[in-house]
Amino acid sequence: MKRRQFLIQSSLAAMTAIAYHQLPSQSSPIYKQYKSYKSWKSNNSFLQGINAPVFKEVDITNLKISGHIPQELQGMYVRNGPNPMFKPSSYNYPLEGDGMLHGVYFNNGEVSYKNRWITTSGLVYEMFEGQELDELKFKNYANTNVIGYGDKLLALYEIGLPYEIDKNLDTIGEWNFQGQLEQSMTAHPKLDPKTGELHFYRYSFFNAPYLHYYIADQNNTIIRETAIDIPRPVMFHDMVLTENYAIFFDCPLVFNLEQAKANKKPFLWQPEQGTTIILVDRHDSNKKPIYIKTDPFWVWHFMNGFEENEKIVIDFVHYPEINMESHWQAILSNKSNLQRMSIDLKTHAIVSEKLDDHYVDFPTINNEKLGQAYRFGYAPHIDTEILSKKQIPNYFPSLIQYDLAKNNHKIHQFKPGCYGGEAAFIPSGNGQSELDGYVVTFVYNENTQTSDFVIIDPNNFQSEPIATIHLPVRVPSGFHGNWIAG
Ligand SMILES: [Fe+2]
0 MKRRQFLIQS
10 SLAAMTAIAY
20 HQLPSQSSPI
30 YKQYKSYKSW
40 KSNNSFLQGI
50 NAPVFKEVDI
60 TNLKISGHIP
70 QELQGMYVRN
80 GPNPMFKPSS
90 YNYPLEGDGM
100 LHGVYFNNGE
110 VSYKNRWITT
120 SGLVYEMFEG
130 QELDELKFKN
140 YANTNVIGYG
150 DKLLALYEIG
160 LPYEIDKNLD
170 TIGEWNFQGQ
180 LEQSMTAHPK
190 LDPKTGELHF
200 YRYSFFNAPY
210 LHYYIADQNN
220 TIIRETAIDI
230 PRPVMFHDMV
240 LTENYAIFFD
250 CPLVFNLEQA
260 KANKKPFLWQ
270 PEQGTTIILV
280 DRHDSNKKPI
290 YIKTDPFWVW
300 HFMNGFEENE
310 KIVIDFVHYP
320 EINMESHWQA
330 ILSNKSNLQR
340 MSIDLKTHAI
350 VSEKLDDHYV
360 DFPTINNEKL
370 GQAYRFGYAP
380 HIDTEILSKK
390 QIPNYFPSLI
400 QYDLAKNNHK
410 IHQFKPGCYG
420 GEAAFIPSGN
430 GQSELDGYVV
440 TFVYNENTQT
450 SDFVIIDPNN
460 FQSEPIATIH
470 LPVRVPSGFH
480 GNWIAG
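Quick note: the sequence shown, position 440, residue 439 per numbering that gives the first Met the number 0, numbers continuous.
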């Protein structure tokens with residue numbers, strides 16, 4: 000173990016591992032340059048079809064484009080997701096899988112693509128050993144989200160520190176805010192578009208207080224840390240930010256050490272404990288949080304939250320309960336709809352209403368409206384018929400645009416055999432309205448085993464994309480991504 004500890008801390012180990020596992024290149028005209036790693040197959044449905052990992056890191060320039068790339072698009076879209084390098088002996092989706100970044104770069108109408116594994120210290124360790132290692136089953140996979148914040152590009156995993164990445168998607172290393180942050184950071188921080196502050200949290204399984212809320216300024220410095228008392232360690236995947244509050248939903252998905260030790264899902268659903276909404280004053284750290292008890296439910300992701308007429312309004316993807324087992328039937332049994340919760344700030348009364356019947360998740364908005372009254376949101380549709388037929392999750396045949404003012408929606412249907420994922424909204428540089436910009440996502444084509452990157456006009460959401468960028472490679476399903484301007 001001493002030898003391993005030495006190696007993992009040594010940058011020489013990283014260089015050796017990467018060099019050692021680089022196989023001889025195969026000649027192919029589509030790749031400017033690439034590295035190929037040893038491939039494998041699995042009968043786990045989260046590692047098949049659209050979810051199957053890729054084993055090449057590629058750089059492809061001058062991509063073929065249908066339609067017209069808007070001239071103002073200058074920058075990169077980057078998305079994170081699990082892509083295990085070594086065949087896992089067991090696979091706990093969505094907690095496991097080495098993070099891989101997929102970047103689409105826009106430069107004066109020319110588009111290029113590259114993908115890179117995030118070389119976390121755990122992955123480097125395994126690369127050196129040439130296999131998955133049991134003792135690293137709960138490593139920091141850095142596989143969930145990737146954000147631009149201050150002058151940093153950070154790959155995030157909620158039970159580990161952020162990994163700093165450069166614009167070429169090469170891993171720089173763990174980032175802990177110059178020693179200010181211990182242990183971990185959520186994968187879903189909120190960047191306030193008005194102040195440039197980053198609001199986030201970390202949660203602990205072992206030491207009370209189990210929840211800590213942070214604010215960092217635009218210069219990558221933490222300016223506040225507040226411990227929040229909760230009665231037991233639970234999973235928090237996302238948070239809400241409004242003008243005056245940071246809001247946490249303490250749902251009854253409870254950490255269980257015995258399960259973790261037995262290499263099983265470390266969380267148990269305990270609905271008898273209900274859900275507690277926690278309102279934390281974001282401006283005054285001396286004010287005690289407000290705790291409001293309500294019925295049990297689960298949420299992975301919030302669409303947005305805002306304050307209006309002495310009320311807090313929160314839109315989120317509501318699950319009546321959550322089955323965390325790693326098989327497609329469990330995903331099928333989890334019914335998730337967009338829901339609006341209104342919390343009266345005087346009486347603390349809660350009113351909830353279902354906004355739509357479609358099963359969805361991965362909601363996104365024009366982030367210039369984060370924390371403010373807004374009208375439009377986006378979410379890929381979970382089609383249970385397709386899920387039952389394929390017995391493989393993460394095939395999203397369409398993208399929904401919600402108009403929350405008119406309480407209706409529009410659907411962007413992908414072509415037969417084509418499936419999208421989470422959408423990102425790229426605001427137009429001179430935008431006047433919430434719809435001025437572009438909705439983008441990767442689209443996997445199962446007929447060609449390649450992926451496209453599509454740019455959809457939010458004002459003509461049901462129409463053909465204004466541009467489709469054709470990749471000669473496949474981009475597997477993933478989690479979350481963001482647009483990095485410039
Ligand atoms: Fe997430």
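Cβ atoms here follow ideal geometry from the backbone N, Cα and C, with glycine treated the same way. Remember, predicted model here, so these are calculated numbers, not experimental data.
Considering only C-alpha positions, which residue in the set the options is nearest to residue i?
i    : options                   : result
Q338 : M302, V233, L155 and V438 : M302
Q182 : N322, K189, N167 and L155 : L155
E109 : M75, M84, V316 and T119   : M75
I364 : H479, N308 and D451       : H479
Y244 : H282, K388 and P265       : H282
N446 : V472, G416 and V453       : G416
N481 : T143, S35 and P52         : T143
Q130 : N308, S65 and P83         : P83
K345 : I321, E307 and S38        : E307
N79  : S65, I64, E95 and F85     : E95
K409 : S432, H380, L386 and I68  : H380
T293 : S284, E309 and P251       : P251
P81  : Y358, P69, G98 and L168   : G98
L498 : A348, R374, K368 and L369 : Given a span of 0 to 485 for the chain in the structure shown, any question on residue 498 remains unanswerable.
E320 : S341, E309, I311 and V298 : V298
K34  : R115, A207, P295 and V103 : R115
E56  : F199, P295 and N167       : N167
V123 : H300, G273 and G172       : G172
F489 : H67, P69, I68 and E128    : Limits of the chain in this structure are 0 at one end and 485 at the other, which puts residue 489 out of reach.
F460 : H411, I146 and Q431       : H411
Please classify residue i: is it buried, with 16 or more other beta-carbons within 10 angstroms of its beta-carbon, or exposed?
i    : result
V350 : exposed
E257 : exposed
K138 : buried
R231 : exposed
P161 : buried
I222 : exposed
K113 : buried
H101 : buried
N429 : exposed
E125 : buried
D451 : buried
Q371 : buried
I311 : buried
N406 : exposed
Using a Cβ-Cβ cutoff of less than 6 Å, which residues in the same chain neighbour residue i once the five nearest sequence positions on both sides are dropped?
i    : result
D382 : P396
H187 : D237
D280 : K286
L197 : Y148, P188, L190 and A215
L434 : P457 and N458
N393 : I49, N50 and S476
E352 : R339
V253 : R231, V233, L267 and Q269
Q448 : R473
D314 : M302, N303 and R339
A141 : G98, I117, T119, A154, Y156 and Y162
F54  : Y36 and S38
S335 : V316, Y318, Y358 and D360
Below 8 Å on the Cβ atoms is my guess for residue i versus residue j; work out the distance and round it to an integer in Å.
i    : j    : result
I483 : V77  : 6 Å
I291 : I227 : 14 Å between Cβ atoms; not a contact.
G304 : T241 : 5 Å
T185 : R201 : 7 Å
L369 : I330 : That belief does not hold up - the Cβ atoms of L369 and I330 are roughly 28 Å apart, past 8 Å.
F235 : L210 : 7 Å
V239 : I246 : 4 Å
F296 : T274 : 6 Å
G66  : P464 : 6 Å
Return yes when the Cβ of residue j is within less than 8 Å of the Cβ of residue i, no when it is not.
i    : j    : result
V438 : A422 : yes
S41  : N262 : no
I425 : G436 : yes
S325 : N91  : yes
D367 : P192 : According to the sequence as given, residue 367 is Glu; it is not Asp. In this structure, P192 lies closer than 8 Å to E367 by Cβ.
A378 : D360 : yes
Given residue i, which residues of its chain have a CB within under 7 Å of its CB, disregarding the five upstream and five downstream residues?
i    : result
K151 : E163, W174 and N219
F413 : P396, S397, G419 and V442
K31  : Its pLDDT being 49, under 50, K31 is placed unreliably in this model, and the coordinates cannot settle the point.
P52  : L46, N82, P83 and P475
Please list, in chain order, all residues of the same chain as residue i whose beta carbon is under 8 Å from its beta carbon, the five residues on each side excluded.
i    : result
Q390 : S44 and W327
Q73  : F105, N106, N107, A484 and G485
I64  : V110, A466, T467, I468 and H469
H347 : I289 and I291
N255 : P265, F266 and L267
P208 : A226, I227, D228 and I229
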